[in-house]
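Take the sequence shown: its letter number 226 is residue 226 in full-length UniProt numbering, and every next letter is one higher. Every residue gets a Cβ at the ideal spot worked out from N, C-alpha and C, and that includes glycine. Right, one structure below, let's go through it.
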Amino acid sequence: MATPQASVNYTPLTPLSFLRRSTYVYPEKTAVVHQDKRYTYRELNQRVNRLASALHQMGIGKGDRVAFLCPNIPPMLEAHYGVPLAGGILVAINTRLSSPEIAYILNHSGAKALFVDKELAELIHPIRDQLTSLETIVNIDDNTGHAGIEGLDYEAVLANASDTPLDKPVADENEPISINYTSGTTGNPKGVMYTHRSAYLNAIGEALEVGLNSRSTYLWTLPMFHCNGWCFTWGVTAVGGTHVCLRRIDPEEVFRLIEVERVSHFNGAPTVLILLTNHPSAQTAKFPRKLHVTTAGAPPSPTIIATMEAMGAEVFHVYGLTETYGPHSVCAWHEDWDELPEDERARKKARQGVPYIIAEEMRVVDDNMQDIPADAATMGEVIMRGNNVMSGYFEQPEATTDAFRGGWFHSGDLAVMHPDGYIELRDRKKDIIISGGENISTIEVENTIYQHPAVQEVAVISIPDERWGEVPKAFVTLKPGEQPTSEDIINFCRERLAHFKCPKSIEFGELPKTSTGKIKKYELREKDWQGFERRVN
């Protein structure tokens, strides 16, 4: 029997319904905390309605793009509801991009309005005349003391708008709700399109997988601009939880908020966890309730997972990309693993796992798209399809076709499949080291170096070698007060790894990172590959 296209019983899926429900169920519950501000769900809903009305007054209509350039503050959260409520498409911009990169995104997306935090206005000044589609600029004042840029004021805009809900229901759940631009490490960034339906489902998936409920308090350590905060911008609201905003990562403030606001959940890349566990505040940190930490963005070492759990946190390890709304898989835990030794538990938890409840499908395949054997040794590419895979790249049909060749989204990540069906990442295709014909996993080498007690952070790349083609090199950030030599680190590896896998050189210092905590390996490679033509991937 054919399914009707529409009926009185059919309601399109949209994250906008989460705010409506939580306002109805928990009107006086605290929805948002930021410094000395606290908004109830009733107040948050009113502010969102005012934002949507104001956007209409600005001429924003169906499908128009509205950009936000601001950190994890209430207006950024409000944008996730107000922009789509007005019929627009949210473009949340990475706050650590350069002015030319921001100009590219604003022009490529065709954004008609830009909401910008005053502290970040200096990024807009030099490109203002280059923004061809931009009609309106709105300044967001978060009491930073910065002057901003010529334009409107966010709070004044809201004050002059109506808080009456707009009668603009989402007609098609497959309409875009946001465009998230990739990091653009190999060229101009691509605009990844998210739909109302998939954002709704992924938000539900987040809540289910990490155990969010109405008693949850979520601390915003993950940027809201990154994959719409892995859809936690919608997921926390869906269950009526509390959002605790954090303008920038400060370990001391993170630990203070965890204690004072009784935080139950936060997300972050492994580099964030490393920053926290190596801060002096970690020695006296108090978790007044069970703290659930979700990590992704780069494969975490078993060492950092074990360290966080030794502090009393429960670590959820997830994996995904911008193209999969953030997390697509989770290392779903088995109760009988609780009895394993600590190091073995950590190794299991370092795996990328199985698809989310709502994600459906994930495979590891060879170059012919045939499934690799589940032997924990043979590497292949991770491919996905299902409810939380992008609808495509904005105005880039050729790139979209290439990404979905064979009917599956190709991640570019290399992994093995374990006998129990769990995947484990071994590398990016472009990061795999092929030395003398032997494949070397940079992740395996990094996890070994992380075990050295003096090492705080590490990244391993390939460098050219006349004999072997390429060999591993490690970039290491040391813990304060530690002074091992390069030979110490290399010998440490040689005691634990096959000698061909060990780094041939070590460079000490800080590591370059993206705003989401990923190490910019491409910058590290540039130093050693200048003047060379790559002979492998």
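{"Query": "Residue(s) in a DSSP beta bridge with R65", "Result": "I89"}
{"Query": "Per DSSP, cross-strand counterpart(s) of L321", "Result": "G326"}
{"Query": "Opposing strand residues paired with L291 [DSSP bridges]", "Result": "A313"}
{"Query": "Chain-order list of residues whose beta-carbon lies under 8 angstroms from that of A376 (same chain, five-residue window excluded)", "Result": "V416, M417, H418, P419 and E424"}
{"Query": "Helix, strand or coil at T185 according to DSSP, with G and I counted as helix", "Result": "Only weak support exists for where T185 lies, its pLDDT of 44 falling under 50; the value from the coordinates is given anyway. T185 falls in the coil class under three-state DSSP."}
{"Query": "The region 239-247 in contact with the region 288-305 per 3-pair CB rule at 8 angstroms", "Result": "no"}
{"Query": "Best match in I60, P503, H108 and S53 for proximity to D163 [C-alpha to C-alpha]", "Result": "S53"}
{"Query": "In chain order, each beta strand (DSSP E) run of at least 3 residues that lies wholly inside the region 384-461", "Result": "409-417, 423-428, 433-435 and 438-440"}
{"Query": "Expected contact under 8 angstroms - CB spacing of P355 and M362 to nearest Å", "Result": "5 angstroms"}
{"Query": "Which of helix, strand or coil DSSP assigns to G353", "Result": "strand"}
{"Query": "Rounded distance between the beta-carbons of E173 and T30, thought under 8 angstroms", "Result": "Not quite, the Cβ-Cβ distance comes to about 30 angstroms (not below 8 angstroms), so this is no contact."}
{"Query": "Cβ-Cβ distance between T516 and A269 below 9 angstroms", "Result": "yes"}
{"Query": "Check whether Y325 and A199 have beta carbons under 9 angstroms apart", "Result": "yes"}
{"Query": "Delimiting residues of the alpha helix (DSSP H) encompassing I105", "Result": "S99 to S109"}
{"Query": "Test item: CB-CB of L69 and L120 under 9 angstroms", "Result": "yes"}
{"Query": "CB-CB length for E381 against K430, believed under 8 angstroms", "Result": "No, E381 and K430 are not in contact; Cβ-Cβ is about 12 angstroms, not under 8 angstroms."}
{"Query": "Per-residue DSSP class, three states only, for N160", "Result": "coil"}
{"Query": "W337, buried or exposed, once every other Cβ within 10 Å from all chains shown has been counted against 16", "Result": "exposed"}
{"Query": "Identified DSSP bridge partners for T195", "Result": "P176"}
{"Query": "Simplified DSSP assignment, three categories, for S17", "Result": "helix"}
{"Query": "Start and end residues, alpha helix (DSSP H) containing S53", "Result": "Y41 to Q57"}
{"Query": "Residues sharing a beta bridge with H265, DSSP", "Result": "Y218 and H292"}
{"Query": "Contacts around A103, its chain only, beta-carbon distance under 7 angstroms, and the 5 residues preceding and following it disregarded", "Result": "I127, Q130 and L131"}
{"Query": "Burial state of H328 (16 or more Cβ within 10 Å)", "Result": "buried"}
{"Query": "Whole-angstrom distance between P251 and E122, CA atom to CA atom", "Result": "26 angstroms"}
{"Query": "Reduced DSSP secondary structure (H/G/I, E/B, other) of N368", "Result": "coil"}
{"Query": "8 angstroms CB neighbourhood of K190 in its chain, flanking five on each side removed", "Result": "Y181, T182, G184, Y393, F394, Q396 and A399"}
{"Query": "Chain-order list of residues whose beta-carbon lies under 7 angstroms from that of P288 (same chain, five-residue window excluded)", "Result": "E259 and R262"}
{"Query": "Range of the contiguous alpha helix (DSSP H) that encloses V239", "Result": "That residue, V239, is in no alpha helix (DSSP H); it is neither H nor E in DSSP."}
{"Query": "DSSP three-state assignment for A346, whether helix, strand or coil", "Result": "helix"}
{"Query": "Sufficient close CB pairs (3 or more, under 8 angstroms) joining the region 466-479 to the region 501-511", "Result": "yes"}
{"Query": "Proximity below 9 angstroms, CB of L44 to CB of L19", "Result": "yes"}
{"Query": "Paired residues, beta bridge with A474 - DSSP", "Result": "V460 and I506"}
{"Query": "Euclidean distance between Cα positions of residue 600 and V254", "Result": "Any answer about residue 600 is impossible in this case: the structure gives the chain only from 1 up to 537."}
{"Query": "Straight-line Cα distance separating I177 from F225", "Result": "14 angstroms"}
{"Query": "S214 beta carbon less than 9 angstroms from that of V239", "Result": "yes"}
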